[in-house]
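Chains as they are written, first to last, in numbering that gives the first Met the number 0: chain A, 0 to 362; chain B, 0 to 292; chain C, 0 to 235. A virtual CB, placed ideally from N, CA and C, is assigned to each residue, including glycine. Here's the structure we're looking at; comments come further down.
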Amino acid sequence: MKYLRQAPPRYLLVILVVVVLVGLPTQIPSFQSGEWAEVLILSIAIMGLNILVGYSGQISLGHGAFMAIGAYTTAILVHNYHVFYLATIPLAGLMTGLVGLLLGIPALRLSALYLALATFALAVVTPSLIKRPEAFTGGVEGILLPPPEPPQFAQDAFAAVTGGPPMDSDQWLYYISLGATLLLFWLAWNILRQRPGRALRAIRDSEAAAAASGINVAGYKILAFGVSAFYAGVAGALFSLLIGFVSPDTFPVSLSFTLLVGAVIGGLASIPGPLVGGIFAFWLPIYSGQWVSTQDWIPAQIATVFKNAGPAVTYGALLILIMIFAPNGLAGLILSAYTRLRSRLRGAGERTTGQLPPDPQTV
Amino acid sequence: MQLFLQIVISGMASGAIFASLALALVLIYSAMGVVNFAQGEMAMFATFVAFTLIEHGANYWVAFAATLGLAFVGGVFIQRVVIRPVERAPILTLVIVTLGLATLINGLAGFIFGLSLHLFPSPFSTQTVSVAGAAITYRDLGVMAVSAVVLVLIYALLQRTRIGLAMRAAAHHPEPSRLLGIRVSWMLALGWGLASVAGAASGMMVAPLLVLEPNMMQTVIIYAFAAAVLGGIESPLGAVVGGLIIGVTVNLAGVYIPFVGGDLELAVAFVIIIAVVLLRPHGLFGRSAVRRV
Amino acid sequence: MALLELDGVRAGYGMTRVLHGVSLNVGEGEVVALLGANGAGKTTTLRAITAGVKWDGAINFGGRSLHRMSTEDVVRLGIAHVPEGRGILTELTVEENLRLGAYLRRDGHGVAHDYDRVFGHFPILRERRKLSASTLSGGEQQMLALARALMMRPKLLLLDEPSLGLAPLVVRSIFDIIRAINESDRVAVLLVEQNARIALELSSHAYVLEVGRVAVAGESAKLKDQESVRRAYLGY
Chain A
0 MKYLRQAPPR
10 YLLVILVVVV
20 LVGLPTQIPS
30 FQSGEWAEVL
40 ILSIAIMGLN
50 ILVGYSGQIS
60 LGHGAFMAIG
70 AYTTAILVHN
80 YHVFYLATIP
90 LAGLMTGLVG
100 LLLGIPALRL
110 SALYLALATF
120 ALAVVTPSLI
130 KRPEAFTGGV
140 EGILLPPPEP
150 PQFAQDAFAA
160 VTGGPPMDSD
170 QWLYYISLGA
180 TLLLFWLAWN
190 ILRQRPGRAL
200 RAIRDSEAAA
210 AASGINVAGY
220 KILAFGVSAF
230 YAGVAGALFS
240 LLIGFVSPDT
250 FPVSLSFTLL
260 VGAVIGGLAS
270 IPGPLVGGIF
280 AFWLPIYSGQ
290 WVSTQDWIPA
300 QIATVFKNAG
310 PAVTYGALLI
320 LIMIFAPNGL
330 AGLILSAYTR
340 LRSRLRGAGE
350 RTTGQLPPDP
360 QTV
Chain B
0 MQLFLQIVIS
10 GMASGAIFAS
20 LALALVLIYS
30 AMGVVNFAQG
40 EMAMFATFVA
50 FTLIEHGANY
60 WVAFAATLGL
70 AFVGGVFIQR
80 VVIRPVERAP
90 ILTLVIVTLG
100 LATLINGLAG
110 FIFGLSLHLF
120 PSPFSTQTVS
130 VAGAAITYRD
140 LGVMAVSAVV
150 LVLIYALLQR
160 TRIGLAMRAA
170 AHHPEPSRLL
180 GIRVSWMLAL
190 GWGLASVAGA
200 ASGMMVAPLL
210 VLEPNMMQTV
220 IIYAFAAAVL
230 GGIESPLGAV
240 VGGLIIGVTV
250 NLAGVYIPFV
260 GGDLELAVAF
270 VIIIAVVLLR
280 PHGLFGRSAV
290 RRV
Chain C
0 MALLELDGVR
10 AGYGMTRVLH
20 GVSLNVGEGE
30 VVALLGANGA
40 GKTTTLRAIT
50 AGVKWDGAIN
60 FGGRSLHRMS
70 TEDVVRLGIA
80 HVPEGRGILT
90 ELTVEENLRL
100 GAYLRRDGHG
110 VAHDYDRVFG
120 HFPILRERRK
130 LSASTLSGGE
140 QQMLALARAL
150 MMRPKLLLLD
160 EPSLGLAPLV
170 VRSIFDIIRA
180 INESDRVAVL
190 LVEQNARIAL
200 ELSSHAYVLE
210 VGRVAVAGES
220 AKLKDQESVR
230 RAYLGY
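Given below as structure tokens:
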């Protein structure tokens with residue numbers, strides 16, 4: 000008990016969130032578990048994007064394309080080669096990661112705006128590239144995947160816990176996605192708080208300074224691309240299993256935008272950010288217009304624009320506002336509010352580390 | 000042979016479009032330092048404004064001029080309101096902000112002007128004239144001419160006038176420029192205004208050849224980008240040459256390589272971008288000292 | 000009343016206070032040296048004058064308070080600041096750099112005359128004038144920076160470590176030119192230097208900064224001779 004009281008509140012919060020996520024499907028209808036599975040899947044992709052943008056400082060408007068690669072890898076392996084679906088998930092990740100590594104090389108030579116344009120081009124071109132090898136990818140019609148059945152023990156356990164029907168495939172995929180999310184988030188957290196994370200942040204803040212400190216800038220940046228793509232590939236694989244269908248139109252350019260918006264809103268260069276981002280990425284398009292019309296302080300004309308113009312206007316406005324006013328996203332806002340609260344609670348007299356003593360001559 | 004020539008000529012015509020857009024990209028990004036992912040969307044929006052004016056009875060050239068004026072004001076306004084707060088932030092932030100701007104403008108255009116497709120009129124006739132045995136329309140020639148005029152004017156402004164010099168200085172070296180008395184903030188706003196004008200002109204020239212709708216500029220921007228990369232990002236001449244080469248190559252690929260159809264032509268441009276960046280990052284005419292594009 | 004007056008100036012970067020109350024004067028046509036060890040606050044002092052850093056206290060130029068003025072406005076009063084690192088616009092040519100030195104000026108004849116003068120002092124700039132400023136060597140860039148500042152026809156010249164990284168012969172010629180300009184044009188100079196010896200030779204008055212405060216002030220000729228001061232503060 001004493002250990003619990005001494006543990007930083009952050010860890011307790013994480014445990015709480017995990018517990019909630021594990022128990023969630025027992026409390027909500029099955030189709031909502033499917034929705035939350037999609038939230039988690041988006042979180043994984045956004046975490047990948049976050050590693051690239053938030054930590055290594057390289058932008059990508061093409062992560063929807065990476066998801067497509069992962070999704071199609073799984074779909075093809077399962078449909079054409081009858082590989083066991085769970086095994087395809089890491090394979091899809093590795094395949095996509097490899098593509099990411101390769102793309103990381105030309106990316107080194109492109110400055111921010113041009114990298115954005117190049118990855119944008121990738122997102123635009125990928126659906127067309129997928130359509131071509133029809134025998135392989137099913138062309139325009141795509142590939143249908145049968146929904147995976149949960150194993151017997153899971154079905155029984157679920158029924159026992161809820162006292163209701165046994166686990167269905169949506170819920171099963173939720174748990175697979177949750178497992179992947181927890182594993183990949185833990186992995187990211189671990190790696191990023193050690194040397195690779197510091198190296199990436201050094202690179203993001205100043206490549207010249209990082210290089211002068213002996214950091215292999217090119218290597219880390221390429222690696223970041225690869226790892227980032229790996230995450231997106233895993234997300235894509237899970238996505239195809241969840242939806243049960245992939246086609247070239249499943250991954251339009253707007254998906255890449257949605258991922259970036261989610262990453263920015265959640266908070267770049269933070270670990271909890273992508274989860275918040277995933278929640279936003281899933282529900283924002285659905286609710287954006289409606290929420291705005293309930294706010295009295297927004298003039299009616301502007302509210303109608305938001306309601307009818309679609310998510311694009313909301314996305315755009317949010318990206319701008321967040322980068323201007325809260326560049327660390329929601330996670331950053333919450334963290335800074337929390338830090339201020341804590342220092343105020345601790346008392347004004349106590350000096351936190353890193354601050355110089357107040358100057359006798361006040362300005 | 001006749002067919003080949005025709006394909007090349009018409010490739011050059013579309014290449015000229017890419018060239019003019021690539022030139023705008025080079026001028027705006029390299030010379031004026033304007034980082035603006037929303038360049039294409041702003042051009043599209045301006046074109047819609049012109050279209051609305053024309054629909055309400057305005058003479059084409061009157062609408063053209065008025066739109067250029069409005070585009071200038073719009074560009075300055077956006078710089079003051081949206082860009083200035085993040086002026087001193089890292090470039091990545093700026094790119095994301097202009098990305099948000101692009102999305103916002105695209106959504107607004109759809110909302111204000113509707114999502115249906117429109118035909119944007121051209122002041123030039125579609126009569127063809129014979130060049131080296133191949134046919135090219137007056138319209139294509141007109142597009143090239145007008146784009147050339149606008150861009151030459153901007154280039155002259157930047158390279159030959161005092162204020163153009165100040166704009167370039169402010170864009171690349173803001174702090175030392177302040178020490179010379181240059182009002183850096185306003186120079187940047189001016190840069191955005193000019194960039195917006197260039198974009199509007201390009202948009203109005205390109206629209207008759209494509210279809211006027213909110214996503215009109217998205218694919219064209221990629222071709223323009225490929226042209227700029229191929230030509231060498233810093234080089235206006237490279238942008239023009241790059242544009243022509245891209246236009247011709249894409250056209251030839253579309254006809255002579257079996258599986259390259261309409262939508263895969265874009266993939267050709269993408270492959271060119273990657274290949275140039277990997278093999279010869281400074282493009283055809285860029286300075287060889289360029290480490291990054 | 001001096002041309003430039005600083006009184007109790009405090010300044011810093013974020014949480015770090017660098018200047019804790021600096022007071023100094025520069026008279027019209029005077030050359031004043033600002034000396035001290037690294038980190039003493041010399042560069043910050045110059046930055047405060049041209050509003051490159053937030054400051055508190057009083058700074059007056061020609062009787063006018065510089066409080067809350069922007070860099071561009073301060074410079075327009077007749078102050079030319081050659082910053083640490085020289086501030087060369089490397090994307091532009093040598094000639095374009097010089098033209099921007101004349102950016103604020105309206106007298107075409109005067110400007111043309113000054114071009115000739117400046118090329119007279121620094122012939123290498125005339126040779127290289129069409130080339131990119133990035134092709135110049137360190138010494139040549141220092142000359143360009145100085146030439147550009149002179150094109151501004153300032154009343155006060157702020158020079159931040161003009162000798163930094165330059166060979167002794169080059170340093171000597173640059174300082175000779177500074178002296179010549181000061182004598183012919185009556186341009187006041189506030190000279191920040193680590194090379195105390197040459198700074199004391201050129202200047203009439205000197206201030207020595209230590210940890211953000213003026214530790215020693217006086218006539219340069221006297222300071223040069225005071226061995227205790229030289230040993231303690233100037234390192235020789």
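Paired residues, beta bridge with residue i - DSSP
| i | result |
| --- | --- |
| I135 of chain B | B:V128 |
| F244 of chain A | A:L143 |
| N24 of chain C | C:E4 |
| A205 of chain C | C:A32, C:G217 |
| H171 of chain B | BP columns for H171 of chain B are empty, so no partner. |
| A187 of chain C | C:L155 |
| T15 of chain C | C:Y12 |
| S131 of chain C | C:T92 |
| H281 of chain B | In DSSP, H281 of chain B forms no bridge with anything. |
Three-state secondary structure (DSSP) of residue i
| i | result |
| --- | --- |
| Y286 of chain A | helix |
| T110 of chain A | The sequence shown places Ser at residue 110 of chain A, rather than the Thr named in the question. The answer is coil: DSSP assigns S110 of chain A none of H, G, I, E or B. |
| E54 of chain B | helix |
| D262 of chain B | coil |
| S162 of chain C | coil |
| R63 of chain C | strand |
| V210 of chain B | coil |
| G268 of chain A | Checking the sequence, you will find Ala at residue 268 of chain A rather than Gly. A268 of chain A falls in the coil class under three-state DSSP. |
| L24 of chain B | helix |
| T160 of chain B | coil |
| R212 of chain C | strand |
Rounded straight-line distance, which links the Cα of residue j to that of residue i
| i | j | result |
| --- | --- | --- |
| R105 of chain C | G180 of chain B | 13 Å |
| E174 of chain B | G86 of chain C | 8 Å |
| L8 of chain C | V25 of chain C | First, the residue type needs correcting, since residue 8 of chain C is Val and not Leu in the sequence shown. Each residue's alpha carbon lies about 15 Å from the other. |
| P161 of chain C | T43 of chain C | 16 Å |
| R365 of chain A | Y54 of chain A | Lying before the first or after the last residue shown, residue 365 of chain A is absent from chain A, which here runs from 0 to 362. |
| F119 of chain B | L211 of chain B | 6 Å |
| I285 of chain A | A168 of chain B | 46 Å |
| R194 of chain A | T125 of chain A | 34 Å |
| D6 of chain C | F60 of chain C | 12 Å |
| E34 of chain A | P82 of chain C | 59 Å |
| P7 of chain A | L332 of chain A | 19 Å |
| R128 of chain C | L135 of chain C | 10 Å |
| A179 of chain A | A226 of chain B | 42 Å |
| I78 of chain C | P153 of chain C | 5 Å |
| R180 of chain C | V117 of chain C | Correcting the residue identity first, residue 180 of chain C is Ile in this sequence and not Arg. If you take the alpha carbons of I180 of chain C and V117 of chain C, they lie about 10 Å apart. |
Residue range of the unbroken beta strand (DSSP E) whose run includes residue i
| i | result |
| --- | --- |
| F60 of chain C | 54-60 |
| I78 of chain C | 78-81 |
Limits of the unbroken alpha helix (DSSP H) element including residue i
| i | result |
| --- | --- |
| I75 of chain A | 62-80 |
| Y12 of chain C | Run containing Y12 of chain C: none in the alpha helix (DSSP H); it sits in the beta strand (DSSP E), 3-12. |
| A39 of chain C | Element bounds for A39 of chain C: n/a, residue is neither H nor E. |
| D290 of chain C | As displayed, chain C neither begins before 0 nor continues past 235, which places residue 290 of chain C out of reach and without an answer. |
| M204 of chain B | 183-205 |
| R9 of chain A | 8-22 |
| A201 of chain A | 194-204 |
Below 8 Å, how does it come out for the segment 207-221 of chain C and the segment 36-48 of chain C: are there three or more Cβ pairs, yes or no?
yes
Between the segment 17-31 of chain C and the segment 251-270 of chain B, do at least 3 Cβ pairs fall closer than 8 Å?
no
Stretch pair the segment 209-227 of chain B + the segment 101-116 of chain C: three plus CB contacts closer than 8 Å:
no
Three-pair Cβ contact test at 8 Å for the segment 109-116 of chain A versus the segment 45-62 of chain A
yes
Using 8 Å as the threshold, is the segment 130-140 of chain A in touch with the segment 47-57 of chain B, meaning 3 or more CB pairs across them?
Output reads no: the segment 47-57 of chain B does not touch the segment 130-140 of chain A.
Flag this pair as touching only if the segment 91-107 of chain A and the segment 63-78 of chain A have three or more C-beta atom pairs under 8 Å; answer yes or no.
Three or more beta-carbon pairs drawn from the segment 91-107 of chain A and the segment 63-78 of chain A are found closer than 8 Å, and the two stretches are therefore classed as touching.
Cβ pair count under 8 Å reaching 3, the segment 265-284 of chain A against the segment 235-243 of chain A
At 8 Å Cβ cutoff, the stretches do not touch.
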